[in-house]
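Protein sequences, first through last, are from chains G and A. Using the working numbering, the first residue of the first sequence is number 8, and each one after it goes up by one. Using the working numbering, the first residue of the second sequence is number 240, and each one after it goes up by one. Encoded as structure tokens, the structure appears first; notes follow it.
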Amino acid sequence: MKKTETNYSRRSFLKVSSLSGGGMMLGISWFASAKPVESLGELNIEPVWQEVTSFIKIASDNSIKIFSPNPEFGQNVMTSLPMLIAEELDVDWKQVEVEQGNYDNKAFPRQFTGGSQGVRMAWKQLRTVGAAARQMILTAASQAWNLPVSELTTSNGLVTHAFSGKSESYGTFAEAASKLPVPKDIVLKGNQSFRLLGTPQKNVVGPKIVQGKPLFGLDYREAGMLYAMTERPPAFGMQLKSFDVTAAKKMPGIVDIFTIKVYNDDHKFAGFDTRSFNEVIAVVGKSTWDVMNARKKIKAVWEVAPERKEAGQNNRETLIPSGLESTKKHYAQMLEMDKKPGRIERKDGDPEKAFAEAKHVIERTFTAPFLAHNIMEPTNTFAHFVGDKVRFVAPIQIPEMMVPSMVARLGIPKENISIELARMGGGFGRRAYGHYMIEAALISKQANAPIKLIYTREDDVSGGIYRPSYQLTYRAAFDENKRLTAMHIKGGGVPESPLHANRFPAGALDNYLAESWAIPSNITIGAFRAPRSNFNAAAEQSFLDEISEYMGKDPIAFRLELLQRAKDNPVGKTNDYDASRYMGVLELVRDKSGWGKPENAGKKRGVSAYFCHNSYAAQVIDLQVKGDQVTVDQVTTALDCGVVVNPEGAKNMAEGAAIDGIGNALFGQLTLTDGKTDQKNFDTYRMIRHNEAPKKIDVHFVKNEIDPTGLGEPPFPPVFAAVANALYKATGKRFYQQPFQPQLKS
Amino acid sequence: MIKKYFVRINKKVHQVEADENMPLLWVLRDILGMEGTKYGCGVGSCGACTVHLNGSAVRSCQLPISALAGMEITTIEGLSAKGDHPVQKAWLDVDVAQCGYCQSGQIMSAAALLKSTPNPTEEDIENFMTGNICRCGTYTRIKKAIQQAAAKS
Numbered sequence: 008m009k010k011t012e013t014n015y016s017r018r019s020f021l022k023v024s025s026l027s028g029g030g031m032m033l034g035i036s037w038f039a040s041a042k043p044v045e046s047l048g049e050l051n052i053e054p055v056w057q058e059v060t061s062f063i064k065i066a067s068d069n070s071i072k073i074f075s076p077n078p079e080f081g082q083n084v085m086t087s088l089p090m091l092i093a094e095e096l097d098v099d100w101k102q103v104e105v106e107q108g109n110y111d112n113k114a115f116p117r118q119f120t121g122g123s124q125g126v127r128m129a130w131k132q133l134r135t136v137g138a139a140a141r142q143m144i145l146t147a148a149s150q151a152w153n154l155p156v157s158e159l160t161t162s163n164g165l166v167t168h169a170f171s172g173k174s175e176s177y178g179t180f181a182e183a184a185s186k187l188p189v190p191k192d193i194v195l196k197g198n199q200s201f202r203l204l205g206t207p208q209k210n211v212v213g214p215k216i217v218q219g220k221p222l223f224g225l226d227y228r229e230a231g232m233l234y235a236m237t238e239r240p241p242a243f244g245m246q247l248k249s250f251d252v253t254a255a256k257k258m259p260g261i262v263d264i265f266t267i268k269v270y271n272d273d274h275k276f277a278g279f280d281t282r283s284f285n286e287v288i289a290v291v292g293k294s295t296w297d298v299m300n301a302r303k304k305i306k307a308v309w310e311v312a313p314e315r316k317e318a319g320q321n322n323r324e325t326l327i328p329s330g331l332e333s334t335k336k337h338y339a340q341m342l343e344m345d346k347k348p349g350r351i352e353r354k355d356g357d358p359e360k361a362f363a364e365a366k367h368v369i370e371r372t373f374t375a376p377f378l379a380h381n382i383m384e385p386t387n388t389f390a391h392f393v394g395d396k397v398r399f400v401a402p403i404q405i406p407e408m409m410v411p412s413m414v415a416r417l418g419i420p421k422e423n424i425s426i427e428l429a430r431m432g433g434g435f436g437r438r439a440y441g442h443y444m445i446e447a448a449l450i451s452k453q454a455n456a457p458i459k460l461i462y463t464r465e466d467d468v469s470g471g472i473y474r475p476s477y478q479l480t481y482r483a484a485f486d487e488n489k490r491l492t493a494m495h496i497k498g499g500g501v502p503e504s505p506l507h508a509n510r511f512p513a514g515a516l517d518n519y520l521a522e523s524w525a526i527p528s529n530i531t532i533g534a535f536r537a538p539r540s541n542f543n544a545a546a547e548q549s550f551l552d553e554i555s556e557y558m559g560k561d562p563i564a565f566r567l568e569l570l571q572r573a574k575d576n577p578v579g580k581t582n583d584y585d586a587s588r589y590m591g592v593l594e595l596v597r598d599k600s601g602w603g604k605p606e607n608a609g610k611k612r613g614v615s616a617y618f619c620h621n622s623y624a625a626q627v628i629d630l631q632v633k634g635d636q637v638t639v640d641q642v643t644t645a646l647d648c649g650v651v652v653n654p655e656g657a658k659n660m661a662e663g664a665a666i667d668g669i670g671n672a673l674f675g676q677l678t679l680t681d682g683k684t685d686q687k688n689f690d691t692y693r694m695i696r697h698n699e700a701p702k703k704i705d706v707h708f709v710k711n712e713i714d715p716t717g718l719g720e721p722p723f724p725p726v727f728a729a730v731a732n733a734l735y736k737a738t739g740k741r742f743y744q745q746p747f748q749p750q751l752k753s
Numbered sequence: 240m241i242k243k244y245f246v247r248i249n250k251k252v253h254q255v256e257a258d259e260n261m262p263l264l265w266v267l268r269d270i271l272g273m274e275g276t277k278y279g280c281g282v283g284s285c286g287a288c289t290v291h292l293n294g295s296a297v298r299s300c301q302l303p304i305s306a307l308a309g310m311e312i313t314t315i316e317g318l319s320a321k322g323d324h325p326v327q328k329a330w331l332d333v334d335v336a337q338c339g340y341c342q343s344g345q346i347m348s349a350a351a352l353l354k355s356t357p358n359p360t361e362e363d364i365e366n367f368m369t370g371n372i373c374r375c376g377t378y379t380r381i382k383k384a385i386q387q388a389a390a391k392s
């Protein structure tokens, strides 16, 4: 046992209260994280003290309920976060009932799903909640039995006095405990004392999922509820000019049709306010089918929208150009940008001189298209606007970031907004952008009824908030001995650059230059599982593979050599990564995959590694190519995400990342012609399917005592290059443009 | 055109009034309040809405209500009384789900596969399940669960 080194006893406080019918309820308050979240832009959560009262409920019958604060989209925090509390509370996991907390910034701090931060941020906080409750129950038992606390032990929700053989459940003492002051010094277990953390536990919602219970936002219904959809411009860069809904209104089941404006014209855009179209036509009716049919009868005239500027917070302005954009043109524009000087993001040594003196230069340009999120549960929200209050049942990743936007648009105080957090049928960043909640509220207000707003799959695919289209050009300079002397990276995208200038291989090279550029666009973009990293890794790790071959070096040995340099004698002051942990995953994946072993000599395999979201991941992928068919035989993943809370859930995430990565690398693309997406549904948007999944996926975790770091995103980015590098082995051809599969010949 | 229909779902006859072209998916979800059958694409390309029609796996988004006379429909709600169908049990044992949204459809497809092919090969599983998309990437676990269910039944 060790005393917590956290500052909770000084800067935070716990709060306890009694439950009606006996029992206790305990929560914690703490200083919410003010650290920017990497993947979601320059997001700063306001540091506020929050009063919390509802993480644990222990009833007098010893039933224990733990509330999971964070929105759930499949990352399985509903299992892992309550496990943190249950460990320190010392209860039998089987006796714990888990419930999703609703949005309540007084009850729960940081209800935030994004940036692979969930377990990382909750690691000490939630354990402190559990430990405090346990200490209070012990104190209550000590007083009831008139025995010193030091003679009492806890296990599986029981307090025991070994000497006398007395043993009673927590429930017996819960009410007395609730009258006690919260202890000042809270002691957390040492990692070696964990009984639950680190053991594989099944998804607590599993039994409901396999029975198809109505868990999701799209499943929500209540009496009098109407169904709503929105008809939006057919192309990016267009807006509504005029419309005639006479025929549509006469369709069966239709209650009302009207336009809504998602944001006011003078809206100051915050990071998650992105929406594809601002003025849309809302159709409200008695069933989804009625509304779908009526939409077809709307006669709308759309026009090309003029250039505009969106005012952002921090007085920033974003230019939204006029015009109907196309993928072909984007690619040509990106190549043009590559020829011009970019914005210098980092420079070490004298890269210009190194390139001027180089005996050989390798230059490769990597590109990637937009990607749609393709969340399996299409976008939706239930809203009921009554008077000056609105109630939501919403699949939303970051409710707290939408509240200020709702206050601004709906003109109601934040106290009048309530959000029940629905389980999300996937998120991957898409549901960080809650414009659909504002749309639903506006529709409910106008229709004067509870409504469920539904996007069709076509709405979701063709009017999304996409992973941007990117390009990175890598140049490497070599001397006469094929020694790497400098590297130059220049990259950008539509409409943002993917560059992380301070990441590997920066820090490992004496001469290094990183430049960025961006092309303004009216295509809406946003976070997509490991934003920017998912493309950086693809380009960087493919390029390192190619230059290692030129140098005659083994690709893993070459990466380790660079990392050793970054570890022993790093170049530059700011290098974002820990070279030792980076090396650790490469060594683990090398050993577990049998890399370089004679028995694997015939395998077509590629390796890749990347750092993001404070974690390290590496993959070796074995595949075969026949015509245009790729069969992935095996994926070996090595991950360093610190202490693993729930190995079963963690493995599932890493397996999913491998399949998702292979799918997007081989098939993923959203292309545009004159502002319209060429893909509209799963018949045209190519998703990975059962027969294309790897035959085998092995996941290995680096065992260490580091507090948990990110897990959901880190195993995703390296997959793309592991695929590209293995495809090279199988075909003799390097792959520079995503997706790869269409470049194979049948 | 709105008409009256009788549909037999999970061994019970339901009377519904609906547009003749309304797909079974929306009859289930919006009229009968059975939300276990999920909407994913509406064009028969993702499998989220899979139900059994006379024992075979079909996409309910492609089945108009007017075509269901005399047919026996089973949805995820009717697959077992307590969620204890061998496929459901295997799904829990293998801890398949991530977000869980596509899993009703995956389970209904898997149950139909095992009914017609009690001992499927890996290739049988891959081919039969190809119509069911999972964005979270649970395919390898799904395959393992189907193999486990086949071995136990």
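We put the CB at the ideal spot given by N, CA and C, even for glycine.
Short Cβ contact (8 Å threshold) for residue i with residue j
i	j	result
Val-642/G	Gln-748/G	no
Gly-121/G	Glu-95/G	no
Val-501/G	Ile-530/G	yes
Asp-355/G	Tyr-519/G	yes
Thr-372/G	Thr-480/G	yes
Pro-385/G	Leu-225/G	yes
Ala-624/G	Asn-582/G	no
Residues near residue i in its chain [Cβ-Cβ closer than 7 Å; skip 5 each side]
i	result
Asp-258/A	Met-240, Ile-241
Tyr-557/G	Ile-369, Lys-489
Val-211/G	Met-85, Thr-86, Val-105
Lys-10/G	With a pLDDT of only 37 at Lys-10/G, under 50, the local geometry of the prediction cannot be trusted, and no value is derived from it.
Glu-655/G	Pro-207, Gln-208, Lys-209
Contact set for residue i: own chain, Cβ-Cβ below 6 Å, skip 5 residues either direction
i	result
Met-341/G	Gln-478
Gly-471/G	Ala-379
Gln-745/G	Ala-375
Arg-282/G	Val-269, His-442
Asn-371/A	Gly-286, Gly-344, Gln-345, Ser-348
Ser-753/G	Gly-634, Asp-635
Buried/exposed call for residue i, threshold 16 Cβ in 10 Å
i	result
Phe-279/G	buried
Ile-351/G	exposed
His-391/G	buried
Val-730/G	buried
Pro-240/G	buried
Lys-251/A	exposed
Glu-49/G	In this predicted model, Glu-49/G has a pLDDT of only 33, less than 50, meaning its place in the structure is not dependable; the value taken from the coordinates is given anyway. It counts as exposed.
Ser-540/G	buried
Pro-207/G	exposed
Ser-123/G	buried
Own chain, CB closer than 8 Å to residue i, minus 5 neighbours either side, in chain order
i	result
Ala-384/A	Val-326, Ala-329, Trp-330, Asp-332, Val-333, Val-335, Ala-349
Thr-738/G	Val-632, Leu-751
Given residue i as reference, the closest of the options once Cα atoms are compared
i	options	result
Gln-301/A	Val-290/A, Gly-294/A, Phe-367/A	Val-290/A
Ser-555/G	Arg-566/G, Ala-545/G, Ala-546/G	Arg-566/G
Glu-238/G	Phe-389/G, Asp-714/G, Val-308/G	Val-308/G
Ala-184/G	Val-397/G, Leu-145/G, Phe-723/G, Asn-698/G	Leu-145/G
His-168/G	Ala-181/G, Glu-182/G, Asn-153/G	Asn-153/G
Ile-205/G	Gly-675/G, Asn-711/G, Lys-306/G	For clarity, residue 205/G is Gly in the given sequence; the question names Ile instead. If we check each option's Cα against that of Gly-205/G, Asn-711/G comes out closest.
Listed from N- to C-terminal order along the chain, which residues in the region 356 to 369 of chain A have their beta-carbon within a distance smaller than 9 Å of any beta-carbon of chain G? Glu-361, Glu-362, Ile-364, Glu-365, Asn-366, Phe-367, Met-368, Thr-369
When you check each C-beta in the region 321 to 354 of chain A against every C-beta of chain G, which residues fall closer than 7 Å? Gly-322, Gln-327, Trp-330, Leu-331, Asp-334, Ala-336, Gln-337, Cys-338, Gly-339, Tyr-340, Cys-341, Gln-342, Ser-343, Ile-346
Residues in the region 286 to 299 of chain A having any Cβ partner in chain G nearer than 9 Å: Along the region 286 to 299 of chain A, the positions whose C-beta sits under 9 Å from a C-beta of chain G are Ala-287, read in chain order.
Quick one, which residues of the region 241 to 252 of chain A are near chain G if we go by CB-CB under 9 Å, in chain order? Of all residues in the region 241 to 252 of chain A, those with a C-beta nearer than 9 Å to a C-beta of chain G are Ile-241, reading in chain order.
Determine which residues of the region 612 to 639 of chain G have a Cβ less than 8 Å from any Cβ of chain A, and write them out in chain order. none
Closer than 8 Å between beta carbons: that is the criterion. Which residues of the region 119 to 134 of chain G meet it against chain A? Result list empty, no residue passes.
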